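A.B. asks: Protein sequences, first through last, are from chains V and L. Numbering of the first sequence is given in our numbering, commencing with residue -17 and proceeding in unit increments. Numbering of the second sequence is given in our numbering, commencing with residue -17 and proceeding in unit increments. After the structure tokens below, expect a handful of questions from me.
There are 2 protein chains.
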Amino acid sequence: MAAQQREISVSEFFTKNRHLLGFDSPTKALLTTLKEAVDNSLDACEEAGILPNLEIQVHTIADNRFRVIVRDNGPGIVKAQIPRIFGKLLYGSKFHRLRQSRGQQGIGISAAGMYGQLTTGKPIVIESRTDRRKPAHRYELVIDTRRNEPVVKRDTEVEWEVAHGTQVEIELEGSHKRGRHGMGTYLRQTALANPHVEIRFQGPGEEEPNLFQRASKELPAEALEIKPHPYGVEVGLLMRMLKESKARRLGSFFQTEFSRVGPKAASRIVEGADLQMTSSPRRVTLAAAERLIDSIRETRIPSPPTNCLSPIGRERILASLKQQLAADFYAASSRSPAVYRGNPFQVEVGLAYGGDLPADDLVTLYRFANRVPLLYQQGACAIFKSTLTTNWKGYGLHQSRGALPTGPLVLMAHVASVWVPFTSESKEAVAGYDEIIKEMKLALQEVGRKLAQHIRRHRKQRDAARKQAYIEKYIPHIGIALQEILDLSERQEKKIVDTLTDTLTRSRKM
Amino acid sequence: MAAQQREISVSEFFTKNRHLLGFDSPTKALLTTLKEAVDNSLDACEEAGILPNLEIQVHTIADNRFRVIVRDNGPGIVKAQIPRIFGKLLYGSKFHRLRQSRGQQGIGISAAGMYGQLTTGKPIVIESRTDRRKPAHRYELVIDTRRNEPVVKRDTEVEWEVAHGTQVEIELEGSHKRGRHGMGTYLRQTALANPHVEIRFQGPGEEEPNLFQRASKELPAEALEIKPHPYGVEVGLLMRMLKESKARRLGSFFQTEFSRVGPKAASRIVEGADLQMTSSPRRVTLAAAERLIDSIRETRIPSPPTNCLSPIGRERILASLKQQLAADFYAASSRSPAVYRGNPFQVEVGLAYGGDLPADDLVTLYRFANRVPLLYQQGACAIFKSTLTTNWKGYGLHQSRGALPTGPLVLMAHVASVWVPFTSESKEAVAGYDEIIKEMKLALQEVGRKLAQHIRRHRKQRDAARKQAYIEKYIPHIGIALQEILDLSERQEKKIVDTLTDTLTRSRKM
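Quick look at the structure:
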């Protein structure tokens, strides 16, 4: 048995576990490829302060084969970096920093390229230009999956008419379906959560591109990088940070390596652990590190800074919902930032009710994480679970046990974080951390209460209108009857009708 | 931006993404650690043909700190392999072979050790003995997460009274909860799906160990290793296999590298692609490989061998259910093996109905994959989805839209495969491949129909009994009334009552 023990490369691992990355069916593979390219383009544009314009084409090559081309107007990528960014898994700039972005692992686009290579044998093709004065580069790359390293097949220069940007081209086996899990749905929801983005999308077999127009020329607030917060650190990680830090004294170690730790908090932490501010971080023993962890927990340290987040915002959610959905009533909530395991996050919820929305179906739930639509794995998602366990009956909707409520309602829920804890590498569902579920439920309850008010008011108005209609319908007949029985004049009859109407209307209002 | 691009080690990746491995909460971390150790022990024992005896102790070290100790009577591990098996992620013997086993990736136990190290700073401790004539080794190991390599902290020899086996000891932060997600539940379900296993479990704070006794002395049929089936191969993988094969001719390549390909099928594949049986595999171009893939799809090749699977079996499922659950009715189904992407798999379902089971709750669903209980992520699981979308109303149960049915029912469902496609590395839910959902639904329908028969019969019997009771209750009164009205003798009255009873009872039966 010993002889069979072997090392497994991360590319081999994900080739065999392709469903972990969102490639478990041909339909999903096509969508995931598009998604990874779009995520990267939007992140790149926003980081460079550029309003994103995306040109997307998906061509049908054969029955079950497509070519996906995504081109952005981002800053472009320097030549030397291209092979590893697109041809090596677990390589990137976003993993080791704390700030909100769509990509976070350095896996996505390389995995899409690897899937293309696996199913069609074709390389991933990258063109990129960083500067008007420099040419654009064109690379054809494959991944050596046994070693998880890029192999450059061709490397040329090409003519570009625009000054900067990147184009990714992947050929893959896939299947094109419209509907709930389709590319069109994905891009429409992307536009909903990203009003500053403009997308031109030409799907398979379409003669003209669809335009998702920019609804706002304002870039979202820039998300800044932060340091880890002491409350999220465990003893093993602390030991490693102590060993790797350039700080030469414990006091400066805490102030430079963590967010929100000033001289006072640092001295409380260090002295609370019976250590010296001037001790060397490298010499801290495991027992002392455990005391430091206890001391951190007993020290009051302000919450982490929240400028690492870039929420959509209540007003923009309302505007987006109104633009996209014909409903009677809209509400939105954007909670204050909160923290799970030292990571800031923020929850936002919007809803549209009534109007043309179907009244007899389960409500529709749009889920977003860092402005990216989540189309699969609803059942596994903390957003879904929070929605399921909210008491919608209390807000005037029908709800069976263990099911979403029924009614003419679309819910949109967004989790923004420096580190969204997805349940799987394919980033389809948010893991159920208690703090996230709690915030999500509070946001849902907030819009739920507004919805309940609307439904109650609406019901009252309807009841009132119905009673008013009775009065208007029957009182004249009573007048006529009384006129006949009592032999009244026209004037007397009219007076009785007026008095009755008046009395009944007034009594209804009391 | 370019300067920030960096490589990420797989240990760093999983440290940050610990929820992917099942460590997203303290409760789950404790359970997952136990689970990984148990899975490894059971696999090792079964591979060596040993009836597994497990000794498990979980000690409370502090309020939120536990030490998990799992000892097996397996074959033991040779000294040189211990560091990498327990101190390196993505290392093992199960990844590169096709056969049913609990572990498949070479991640689990190392990840549990890494989590312990992260939260307590303590090494993982391994003791193992392979032979009565050799001493037992004791290793204390940590993982260098930046490099994903084991670091041996101590290496000693220890006295063991037994001839062979392995003991793993991990100290970690965790939280102990009884109930649905507790360690006791996990082990009870493990016993349900593994009647050949004996487990002694002493939980935190318990004075005496619980014994889960062996219900059968028969080891499950040994699962054999198979080669990949041609129907599951894509062009990229085929290219790699062609390059790496030791076969020097295309004809022998197909016969040695794949299962179920004999000389005839090989020549059909090769000639269907306009290639020569004697051509060199290494010289096949991408275009030719694509023709080979097309040709494979057009060639009839028998299904892969299924001796790589080791199902529980219909009879044993029934026996297990009867032993564990006091119900009125039991049914089970063990489907024939089927194939998804070239991988054989097999679905088994059992149910227990009525008796003491609670009638007003949603039904209970026990999910298993390769005999391992799945306690989390029910909503994301193909087993759950298949259950949800089965029409239980047709089988006599209540069911709300989008929810599990209600009724006194426990369902047990098992997917066995050479490669279970889990939705995440934490192996909590089975991915929704169409073939798996189809088989699962067929199995559910099979037991569903049996259940419907039982419920119908039961209902008929109840109705019959109720009518019989009416007859017995009222006819004597009718007799007495008639006796009074018609002034009959006792004998006449008795005769009328008998005749009436007889007539009515007979008429009911028609």
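Quick reminder that beta carbons are idealized off the backbone N, C-alpha and C, glycines included. Remember, predicted model here, so these are calculated numbers, not experimental data.
(1) Name the chain V residues whose beta carbon is nearer than 8 Å to that of L:ALA413?
(2) Since L:MET223 meets chain V, which of its residues come closer than 9 Å, beta carbon to beta carbon?
(3) Between V:GLY337, V:SER382, V:ARG282, V:ASP54, which has its C-alpha nearest V:PRO390's C-alpha?
(4) At what residues does the beta strand (DSSP E) containing V:GLU131 begin and finish?
(5) Decide if L:THR267 is buried, meaning its Cβ has at least 16 other Cβ atoms within 10 Å, or exposed.
(6) Taking the alpha carbon of L:THR487 as the reference point, which residue from L:GLU188, L:ARG49, L:ILE453, L:ARG115 has its own alpha carbon closest?
(7) Any residues in the region 258 to 286 of chain V with a beta carbon nearer than 8 Å to a beta carbon of chain L? Which ones, in chain order?
(8) For L:PHE(-4), decide whether its Cβ has a neighbour in chain V, counting only Cβ atoms nearer than 8 Å.
(9) Using a Cβ-Cβ cut-off of 7 Å (strictly less than) and excluding sequence neighbours within five positions of V:ALA247, which residues of its own chain qualify?
(10) With a cut-off of 8 Å, does the C-beta of V:ALA(-16) fall near any C-beta of chain L?
(11) If you follow the beta strand (DSSP E) that V:PHE194 is part of, which residue opens it and which one closes it?
(12) Helix or strand or just coil, what does DSSP make of L:THR238?
(13) Grouping DSSP H, G and I as helix and E and B as strand, with all else coil, what is L:ARG473?
(14) Below 6 Å CB to CB, which residues in the same chain sit around L:SER277 once its five sequence neighbours on both sides are set aside?
(15) Taking the Cβ atom as the reference point for each residue, do V:LYS10 and V:TYR358 lie within a distance shorter than 8 Å?
(16) Within its chain, find whatever has a CB closer than 8 Å to the CB of L:VAL144; leave out the 5 residues flanking it on each side and keep chain order.
(17) Report the option in V:LEU370, V:PHE404, V:VAL134, V:THR172 whose CA atom is closest to the CA atom of V:GLN493.
(18) Counting only Cβ-Cβ distances shorter than 8 Å, please list the residues of the region 60 to 90 of chain L near chain V, keeping chain order.
(19) Spatial neighbours of L:LEU344 within its chain, please: CB distance less than 8 Å, with the 5 preceding and 5 following residues excluded, ordered by chain position.
(20) When DSSP labels each residue in this structure, what does V:MET492 get in the three-state scheme?
(21) I'd like to confirm the pairing. Which residues does DSSP put opposite L:LEU300 in its beta bridges?
(22) Looking only at its own chain, which residues have a Cβ that is under 7 Å from the Cβ of V:GLY58, when we skip the five neighbours before and after it?
(23) Can you round the beta-carbon distance between V:VAL412 and V:PRO403 to whole angstroms, since I take them to be within the 8 Å contact cut?
(24) At a cut of 8 Å, does the region 310 to 323 of chain L reach the region 372 to 379 of chain L through at least three beta carbon pairs?
(25) By the three-class DSSP mapping on this structure, what secondary structure does V:PRO286 have?
(26) Is L:ARG49 close to chain V, meaning its C-beta is less than 8 Å from at least one C-beta of that chain?
(27) Can you give the Cα-Cα distance for V:ALA203 and V:HIS178, rounded to whole angstroms?
(28) Do you know whose CA, among L:ARG349, L:ARG353, L:ALA309, L:PHE327, lies nearest L:ALA334's CA?
(29) In chain V, which residues lie with their C-beta within 8 Å of the C-beta of L:ILE(-10)?
(30) Going by the beta-carbon positions, is the gap between V:PRO293 and V:GLN328 smaller than 8 Å?
(31) Name, going along the chain, the residues of the region 372 to 401 of chain V whose beta-carbon falls closer than 7 Å to a beta-carbon of chain L.
(32) On the DSSP letters alone, give me the boundaries of the alpha helix (DSSP H) that L:ASP416 sits inside.
(33) Give me the subset of the region 324 to 345 of chain V whose CB atoms are less than 8 Å from a CB atom of chain L, sorted by chain position.
(34) May I have the straight-line CA-CA distance separating V:ARG231 from V:SER249, to the nearest angstrom?
(35) How far does the alpha helix (DSSP H) with L:PHE366 in it reach, from first residue to last?
(36) Please determine, among L:ARG273, L:LYS17, L:VAL50, the residue with the shortest C-alpha to C-alpha distance to L:ILE108.
C.D. replies: Looking at the coordinates:
(1) Residue numbering aside, residue 413 of chain L sits at position 431 when the second sequence is read from its first letter. Chain V residues near L:ALA413: HIS1, ASP6.
(2) In the second sequence, the residue the question calls residue 223 of chain L occupies position 241. Chain V residues near L:MET223: none, gap ~12 Å exceeds 9 Å.
(3) As a working note, residue 390 of chain V is residue 408 in the first sequence. Here the closest residue by C-alpha is V:GLY337.
(4) Within the first sequence, residue 131 of chain V is the residue found at index 149, counting from 1. Counting along the chain, the beta strand (DSSP E) containing V:GLU131 begins and ends at 131 to 140.
(5) As a position in the second sequence, residue 267 of chain L is number 285, starting the count at 1. When all chains shown are included, L:THR267 counts as exposed.
(6) Taking the first residue of the second sequence as position 1, residue 487 of chain L is located at position 505. Looking at the Cα atoms, L:ILE453 is the closest of the given residues.
(7) LEU268, ALA271, GLU272
(8) Taking the second sequence and counting its residues from 1, one reaches residue -4 of chain L at position 14. No, its Cβ sits nowhere closer than 8 Å to a Cβ of chain V.
(9) Residue mapping note: residue 247 of chain V aligns to position 265 of the first sequence, counting from 1. Closer than 7 Å at the Cβ level, and outside the excluded window around V:ALA247, lie THR281, ILE283.
(10) Taking the first residue of the first sequence as position 1, residue -16 of chain V is located at position 2. With a pLDDT of 47 at V:ALA(-16), under the threshold of 50, the modelled position of this residue cannot be trusted, and the question is left open.
(11) On the first sequence, position 212 is the one that residue 194 of chain V refers to. Element bounds for V:PHE194: 192 to 194.
(12) Along the second sequence, one-based indexing puts residue 238 of chain L at 256. It is helical.
(13) Taking the second sequence and counting its residues from 1, one reaches residue 473 of chain L at position 491. L:ARG473 falls in the helix class under three-state DSSP.
(14) To locate residue 277 of chain L, count along the second sequence from 1; it is residue 295. Within the same chain, L:SER277 has close Cβ partners ILE251, GLY254, ALA255.
(15) For the purposes of this step, residue 10 of chain V is taken as the residue at position 28 of the first sequence. For the purposes of this step, residue 358 of chain V is taken as the residue at position 376 of the first sequence. Between V:LYS10 and V:TYR358, the C-beta spacing is below 8 Å.
(16) Walking along the second sequence from the start, residue 144 of chain L turns up at place 162. Counting only Cβ-Cβ distances below 8 Å, and skipping sequence neighbours, we find ASN55, ARG111.
(17) This structure cannot speak to residue 493 of chain V, because chain V is shown only from -17 to 492.
(18) Listed by position along the chain: VAL60, ALA62, GLN63, ARG66, ILE67, LYS70, LEU72, TYR73, GLY74, SER75, PHE77, HIS78, ARG79, GLN87, GLY88.
(19) The residue labelled residue 344 of chain L in the question sits at position 362 within the second sequence. Here the set comprises ALA385, LEU386, PRO387, THR388.
(20) Position 510 of the first sequence holds residue 492 of chain V. The pLDDT assigned to V:MET492 is 45, lower than 50, so where the model puts this residue is not dependable; a value taken from the coordinates is nonetheless given after this. Coil, per DSSP.
(21) To locate residue 300 of chain L, count along the second sequence from 1; it is residue 318. Partner(s): none; L:LEU300 has no beta bridge.
(22) For the purposes of this step, residue 58 of chain V is taken as residue 76 along the first sequence, with counting starting at 1. So the qualifying residues of the chain are SER110, ARG111, THR112, HIS146, GLY147, THR148.
(23) One-based indexing of the first sequence puts residue 412 of chain V at position 430. One-based indexing of the first sequence puts residue 403 of chain V at position 421. Contact annotation, V:VAL412 with V:PRO403: C-beta distance approximately 7 Å; criterion of less than 8 Å satisfied.
(24) no
(25) Position 304 of the first sequence, counting from 1, holds the residue named residue 286 of chain V. Of the three classes helix, strand and coil, the one that applies to V:PRO286 here is coil, per DSSP.
(26) To locate residue 49 of chain L, count along the second sequence from 1; it is residue 67. So no, L:ARG49 is outside the interface.
(27) Locating residue 203 of chain V in the first sequence gives position 221, counting from the first residue. Locating residue 178 of chain V in the first sequence gives position 196, counting from the first residue. Taking the straight line joining both Cα atoms gives about 11 Å.
(28) The sequence position of residue 334 of chain L within the second sequence is 352, counting from 1. If we check each option's Cα against that of L:ALA334, L:ALA309 comes out closest.
(29) Counting from 1 along the second sequence, the entry for residue -10 of chain L is found at position 8. Result: LEU72, TYR73, GLY74, PHE77, HIS78, GLN87, GLY88.
(30) Numbered from its first residue, the first sequence carries residue 293 of chain V at position 311. Numbered from its first residue, the first sequence carries residue 328 of chain V at position 346. Yes; because the gap between Cβ atoms is below 8 Å, this pair is in contact.
(31) Those residues of the region 372 to 401 of chain V that come within reach of chain L (Cβ to Cβ, closer than 7 Å) are SER382, ARG383, GLY384, ALA385, LEU386.
(32) By one-based count along the second sequence, residue 416 of chain L stands at place 434. Segment 416 to 468, the alpha helix (DSSP H) holding L:ASP416.
(33) LEU344
(34) The sequence position of residue 231 of chain V within the first sequence is 249, counting from 1. The sequence position of residue 249 of chain V within the first sequence is 267, counting from 1. So the alpha carbons of these two residues sit roughly 11 Å apart.
(35) Here residue 366 of chain L corresponds to residue number 384 of the second sequence, with the count starting at 1. From DSSP, the alpha helix (DSSP H) with L:PHE366 extends over 364 to 370.
(36) In the second sequence, counting from the first residue as 1, residue 108 of chain L sits at position 126. Cα-wise, what sits closest to L:ILE108 is L:VAL50.
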